[in-house]
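Residue numbers (my numbering): 4 to 268.
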């Protein structure tokens, strides 16, 4: 299934591997909420390509919650939802966007109402960074990309080629991607690159099951989709050469980085 699925038989198939949990980190001044940060892993799409920008159902859900708790700033982060979409619950109809938005807003409300407060000082907030070099996909050919960029009058060819060429040259220069963690109390928020597969998010939670681990992906988009090593052998849109600029070995690199971030107290 894609993010929109008009076939009822496909929509009836099981959900598959997902992270069903919406997580939330809120900051308070006494009884007054200041900032509400929510995290959920799913492609933020219901219907699209209308020629008009839209925050789609996650943005609408955030807006609903902003109106319900107007004294706080609400920010929603997309988790590792590279291979997750709402297709099982989305036939692509215009009306269904609001159904999905309200469902997500309900989850946000449940998380907010279930907030467990603990006192913190500035010293309780800790940032950790692990720079990693992501292995570049073998299909990235610099000479061909340069030739494609020269076809500037053909945007569907030139623009993606320019993006891939920039990522390739940046990687060759030794540039590394920062994997970042915010630690506060028993909460760990991981900030990850690319359209990351949900397996990375689930693995991170399993590494420290006694902590409240959550994840925001899409922090750097030069690599496009980031699958698991196995996924690159299974086919599918997300790991095709047109969709991913990294090699299958990326899983080892990222899992080691995640493990290193979560190893600290």
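By construction, the Cβ of each residue, glycine as well, lies at the ideal position given by its N, Cα and C atoms.
From a predicted model like this one, the values you see are computed outputs, not experimental measurements.
Rounded distance between the beta-carbons of residue j and residue i, thought under 8 Å
i           : j           : result
residue 176 : residue 103 : With a Cβ gap of about 41 Å, residue 176 and residue 103 do not count as contacting.
residue 8   : residue 94  : 7 Å
residue 38  : residue 75  : 6 Å
residue 265 : residue 210 : 5 Å
residue 152 : residue 168 : 6 Å
residue 226 : residue 249 : 5 Å
residue 132 : residue 183 : 5 Å
residue 244 : residue 140 : 7 Å
residue 252 : residue 232 : 7 Å
residue 61  : residue 47  : 4 Å
residue 234 : residue 82  : Actually they are not in contact, since the Cβ atoms of residue 234 and residue 82 sit about 17 Å apart, beyond 8 Å.
residue 126 : residue 14  : Residue 126 to residue 14, Cβ: 50 Å. No contact.
residue 196 : residue 222 : 5 Å
residue 41  : residue 111 : 5 Å
residue 224 : residue 242 : Going by Cβ atoms, the distance from residue 224 to residue 242 rounds to 16 Å, so no, they are not a contact pair.
Three-state secondary structure assigned by DSSP to residue i
i           : result
residue 6   : coil
residue 128 : strand
residue 65  : helix
residue 103 : helix
residue 71  : helix
residue 118 : coil
residue 249 : strand
residue 21  : coil
residue 48  : coil
residue 140 : coil
residue 221 : coil
residue 58  : coil
residue 242 : helix
residue 123 : coil
residue 229 : strand
residue 181 : strand
residue 258 : helix
residue 111 : helix
Reference residue i, options the options, closest by Cα
i           : options               : result
residue 259 : 109, 212, 213 and 134 : 134
residue 230 : 125, 142 and 239      : 239
residue 43  : 183, 264, 88 and 37   : 88
residue 124 : 20, 267, 255 and 31   : 31
residue 25  : 84, 9, 70 and 7       : 84
residue 205 : 234, 251 and 261      : 261
residue 23  : 11, 107 and 35        : 107
residue 5   : 148, 92 and 143       : 92
residue 29  : 77, 57 and 13         : 77
residue 255 : 178, 202 and 112      : 202
residue 181 : 198, 79, 228 and 257  : 257
residue 105 : 68, 118 and 120       : 68
residue 34  : 115, 96, 222 and 14   : 115
residue 171 : 146, 46 and 112       : 146
residue 213 : 178, 268, 221 and 234 : 268
residue 117 : 27, 130, 10 and 18    : 27
residue 101 : 130, 53, 73 and 59    : 59
residue 97  : 52, 241 and 70        : 52
residue 263 : 178, 207 and 12       : 207
residue 142 : 149, 36, 198 and 247  : 247
heavy atom of the ligand MG below 7 Å from residue i C-beta
i           : result
residue 152 : Because no ligand of any kind appears in the structure shown, any question about the ligand MG cannot be addressed here.
(request) Would you check if there are 3 or more beta carbon pairs closer than 8 Å linking the region 186-193 to the region 153-171? (result) Per the Cβ contact rule, the region 186-193 is not in contact with the region 153-171 (fewer than 3 Cβ pairs under 8 Å).
(request) Identify every run of the alpha helix (DSSP H) within the region 186-214, keeping only runs that are complete inside it and at least 4 residues long; order them along the chain. (result) 201-210
(message) As an exercise, report each continuous alpha helix (DSSP H) stretch of at least 4 residues that is fully enclosed by the region 143-173, in chain order.
(response) 145-152
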